[in-house]
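J.:
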Amino acid sequence: MKSLVVYYSRSNITKKIAEEIADRINADTEEVIPKVNYQGKIGFARGGKDAMREKIIDLETLKYDPQDYDLVYIGAPIWAGKAANPIISYLKQNEGKFNNVRFFLTAGSSGFESGFKQMEEYSIKPQKTLQLTTKEVKKDDYNLNSFTE
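Quick note, the sequence shown lines up with residues 26 to 174 if you use this note's numbering.
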């Protein structure tokens, strides 16, 4: 099965999980890079505002076409109770191109349910979902076995 792992990560928490998934399943990896700057305190505030509005933003050119893959893993952090808008923008840009998806979200503590629901609205129903808190990721207190099987 040909798989792709797509993710956006502002603070490298989601990136850590994405890279581990890709290594486990020998998948191609696509980092979504927004043309909007979300770094620093101002970027953090801009990200929350854009997420609440579900603002679709421009992204840097992507390397991979999701329709070329049997399964696409899609990961994002939660911002203001929603999936980070760079991933929502990716999903919108690739609407209708997904065969099968699995979603993974990282967050300080909450917002997972609304984030998954939002991602599904822009994509298709996921085969599986995975939610991890920042604390779990930092302490390596998680198991990806059932998510990647």
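We put the beta carbon where it would ideally sit given N, CA and C, even for glycine.
The structure displayed is predicted, hence computed values, not measured ones.
Assuming the contact rule is C-beta atoms closer than 8 Å, G136 and I103 should be a hit. Round their C-beta distance to whole Å, please.
T.: The Cβ separation is near 4 Å, so the contact holds.
J.: Beta-carbon separation of Y89 and D53 under 8 Å?
T.: Cβ atoms of Y89 and D53: closer than 8 Å.
J.: Which one or two residues does DSSP pair with A138 in a beta bridge?
T.: Note that residue 138 is Glu in the sequence shown here, rather than Ala. Beta-bridge pairing links E138 to no other residue.
J.: In whole angstroms, give me the CA-to-CA distance for S148 and Q92.
T.: Spanning the two alpha carbons is a distance of roughly 12 Å.
J.: Straight-line CA distance for E146 to K164?
T.: Approximately 32 Å, taken between the alpha carbons.
J.: Kindly indicate which residue of T159, G72, S114, Q64 has the alpha-carbon position closest to the one of A2.
T.: Here the chain comprises residues numbered 26 to 174, so residue 2 is not present and cannot be evaluated.
J.: Would S28 pass as a contact of D95 if the rule is Cβ separation under 8 Å?
T.: Contact: yes.
J.: Taking DSSP as the reference, what is the three-state secondary structure of R49?
T.: Helix.
J.: Who are the Cβ neighbours of R49 in its own chain at under 6 Å, not counting the five residues just before and after it?
T.: Excluding positions up to five away in sequence, the list reads T173.
J.: What's the C-alpha gap between F129 and L169?
T.: Cα to Cα, F129 sits roughly 10 Å from L169.
J.: With burial defined as no fewer than 16 other Cβ atoms inside 10 Å of the residue's Cβ, what is the status of E138: buried or exposed?
T.: Exposed: under 16 other Cβ atoms inside 10 Å.
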